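Participant:
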Amino acid sequence: MDKSQLPFLSATELGSLIQSREVSPVEATEAYLERIPRIDGKLNSYITVTTDRALADAKKAEQEIVSGKYRGPMHGVPIAVKDQVYTKGILTTGGSTILKDFVPDEDATVISNLNDAGAVLLGKLNMSEFAMGDAFEHPYGRPHNPWDLSRNAGTSSSGSGAATAAFLCATSLGEDTGGSIRGPASFCGLVGIRPSWGRVSRHGVLGASWSMDQVGPISRTVSDCAITLAAIAGHDPKDGHTWDVPVPDYLASLSGGVQSLKIGVITERVQG
């Protein structure tokens with residue numbers, strides 16, 4: 398496959414090709430790093446592109462896979478994360494010029510989990526200031542919707558929505574307080590999951606509302622959401638509200654059907 402076509406694969410497809418060694422994590426990462434500067438000038442989805450970190454992550458993943466140390470479906474897959482999430486040694490602005498020089502000295506737990514999964518960090522994604530929603534300020538410029546540049550890309554995780562829809566990362570992380578995973582996913586024709594309370598650690602995430610904040614995936618397919626969520630979920634002693642229970646195999650569960658499931662509707666809310 399021509400390297401320039403790799404960004405158009407789903408994260409699940411790319412991860413499978415990386416596992417079988419038909420595609421190198423390095424060439425996949427290079428394909429994204431070549432595409433981002435060509436496309437993102439119109440979208441403004443990234444605040445920081447971590448080129449050196451991404452290539453180092455990719456080379457490490459390639460060496461591990463070649464030596465038989467395969468970590469799972471996210472191993473070698475390039476991902477980008479909302480700039481609300483702490484990344485050790487990498488600028489983390491929260492979408493605000495107040496934090497324009499803030500470089501955390503530790504990773505958020507979700508980043509540590511992605512590191513353990515062998516994912517490749519492409520960079521930090523644009524957002525509304527301090528995740529206050531799309532109606533508020535975008536000091537780093539408003540992200541544009543890839544489907545129509547005259548329109549916005551959703552609520553505060555708009556950079557995650559724009560980058561993922563434009564094939565500038567294989568999958569991404571957003572953060573949802575009042576709709577900021579679900580909104581960009583809807584606006585940009587993507588799939589987003591706001592995880593259940595306690596499923597994903599919030600340690601190392603700039604808070605908007607501690608009792609409501611949830612980190613989760615914004616992806617192009619349901620399968621991509623499944624493998625991304627599986628990589629970041631789990632108990633964390635640094636966040637006392639996380640559940641100390643096993644993380645399900647979300648990808649395997651997708652083939653189980655929905656025959657036994659029921660949807661509950663709060664009729665009072667629907668009927669007004």
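Quick note: the sequence shown uses my numbering, first residue 398, plus one each step.
Every residue, glycine too, gets a C-beta built ideally from N, C-alpha and C.
Every value quoted in this text rests on a predicted model; they were computed, and no experiment measured them.
(1) What first and last residue would you give for the beta strand (DSSP E) that runs through Val-517?
(2) Taking only runs of the alpha helix (DSSP H) that begin and end inside the segment 402-435, which ones reach a length of at least 4 residues, in chain order?
(3) Tell me which residue opens and which closes the beta strand (DSSP E) that Ala-477 is part of.
(4) Quick check on the DSSP output: the beta strand (DSSP E) that includes Glu-572 runs from which residue to which?
(5) Between Ala-453 and Thr-409, what straight-line distance do the alpha-carbon atoms span, to the nearest angstrom?
(6) Could you please give me the residues that DSSP links to Asp-545 through a beta bridge?
(7) On a CA-only basis, which of Gln-402, Pro-470 and Ser-509 is nearest Val-602? Give me that one, please.
(8) Pick from Ser-442, Ser-417 and Thr-568: whose alpha carbon is nearest that of Gly-538?
(9) Can you tell me where the beta strand (DSSP E) holding Pro-614 begins and where it ends?
(10) Can the beta-carbon of Asp-636 be found closer than 9 Å to that of Arg-666?
(11) Using beta-carbon positions only, say whether Gly-520 and Thr-445 come within less than 9 Å of one another.
(12) Leu-587 and Arg-617: beta carbons closer than 9 Å?
(13) Kindly provide the ranges of any alpha helix (DSSP H) runs that are 4 or more residues long and lie completely inside the segment 585-657, ordered along the chain.
(14) Can you find at least 3 beta carbon pairs, one from the segment 561-579 and one from the segment 604-617, that sit closer than 8 Å?
(15) Under the DSSP definition of a beta bridge, which residues are partnered with Val-446?
(16) What is the DSSP secondary structure of Val-662, counted as helix, strand or coil?
(17) Run through the DSSP bridge pairs and tell me what Ile-487 is partnered with.
(18) Considering only C-alpha positions, which residue in the set Ile-660, Cys-566, Cys-622 and Gly-631 is nearest to Pro-434?
(19) Where does the unbroken alpha helix (DSSP H) through Thr-506 begin, and where does it stop?
(20) Enumerate in chain order the residues of its own chain whose CB-to-CB distance from Glu-459 is below 8 Å, with the five nearest sequence positions on each side excluded.
(21) For Ala-605, which residues of its own chain have a beta-carbon under 6 Å away from its beta-carbon, when the five flanking residues on both sides are left out?
(22) With distances taken between CB atoms, is the gap from Ser-554 to Gly-580 smaller than 9 Å?
(23) Compute the Euclidean distance between the alpha carbons of Tyr-467 and Asn-523, then round it to the nearest angstrom.
(24) Output needed for His-638: all residues of its chain with C-beta closer than 6 Å, excluding positions within five of it in sequence on either side, in chain order.
Facilitator: Considering the structure as presented:
(1) As a working note, residue 517 is residue 120 in the sequence shown. Run containing Val-517: 517-522, per the beta strand (DSSP E) assignment.
(2) 408-416
(3) Here residue 477 corresponds to residue number 80 of the sequence shown, with the count starting at 1. Start and end: 475-479.
(4) Looking up residue 572 in the sequence shown gives position 175. Where Glu-572 is concerned, the enclosing beta strand (DSSP E) stretches over 568-573.
(5) On the sequence shown, position 56 is the one that residue 453 refers to. On the sequence shown, position 12 is the one that residue 409 refers to. C-alpha separation (whole angstroms): 22 Å.
(6) Taking the sequence shown and counting its residues from 1, the one referred to as residue 545 is at position 148. Asn-542.
(7) Taking the sequence shown and counting its residues from 1, the one referred to as residue 602 is at position 205. The option with the nearest alpha carbon to Val-602 is Ser-509.
(8) The count along the sequence shown starts at 1 and reaches residue 538 at position 141. The option with the nearest alpha carbon to Gly-538 is Ser-442.
(9) Position 217 of the sequence shown holds residue 614. Where Pro-614 is concerned, the enclosing beta strand (DSSP E) stretches over 611-616.
(10) Here the question's residue 636 lines up with position 239 in the sequence shown. Here the question's residue 666 lines up with position 269 in the sequence shown. No, these two residues do not count as a Cβ contact at 9 Å.
(11) Position 123 of the sequence shown, counted from the first residue, corresponds to residue 520. Position 48 of the sequence shown, counted from the first residue, corresponds to residue 445. Their beta carbons are under 9 Å apart, which means Gly-520 touches Thr-445 by this criterion.
(12) Within the sequence shown, numbered from 1, the residue matching residue 587 stands at position 190. Within the sequence shown, numbered from 1, the residue matching residue 617 stands at position 220. Taking 9 Å as the Cβ cut-off, Leu-587 and Arg-617 qualify as a contacting pair.
(13) 619-629 and 647-650
(14) yes
(15) The residue labelled residue 446 in the question sits at position 49 within the sequence shown. Gly-520, per the DSSP bridge assignment.
(16) Walking along the sequence shown from the start, residue 662 turns up at place 265. The answer is coil: DSSP assigns Val-662 none of H, G, I, E or B.
(17) Here the question's residue 487 lines up with position 90 in the sequence shown. Partner(s): Thr-484.
(18) For the purposes of this step, residue 434 is taken as the residue at position 37 of the sequence shown. Of the candidates Ile-660, Cys-566, Cys-622 and Gly-631, the one whose C-alpha sits nearest the C-alpha of Pro-434 is Cys-566.
(19) If you number the sequence shown from 1, residue 506 lands on position 109. Thr-506 -> alpha helix (DSSP H) spans 506-514.
(20) Within the sequence shown, residue 459 is the residue found at index 62, counting from 1. So the list reads Ser-421, Pro-422, Val-423 and Gly-473, once near-sequence residues are dropped.
(21) Within the sequence shown, numbered from 1, the residue matching residue 605 stands at position 208. If we look at Ala-605 and ignore the five residues flanking it on each side, its Cβ neighbours are Ala-528 and Thr-574.
(22) Numbered from 1 along the sequence shown, position 157 holds the residue referred to as residue 554. Numbered from 1 along the sequence shown, position 183 holds the residue referred to as residue 580. In this structure, Gly-580 lies closer than 9 Å to Ser-554 by Cβ.
(23) The residue labelled residue 467 in the question sits at position 70 within the sequence shown. The residue labelled residue 523 in the question sits at position 126 within the sequence shown. Their Cα atoms are separated by approximately 31 Å.
(24) If you number the sequence shown from 1, residue 638 lands on position 241. If we look at His-638 and ignore the five residues flanking it on each side, its Cβ neighbours are Gly-595.
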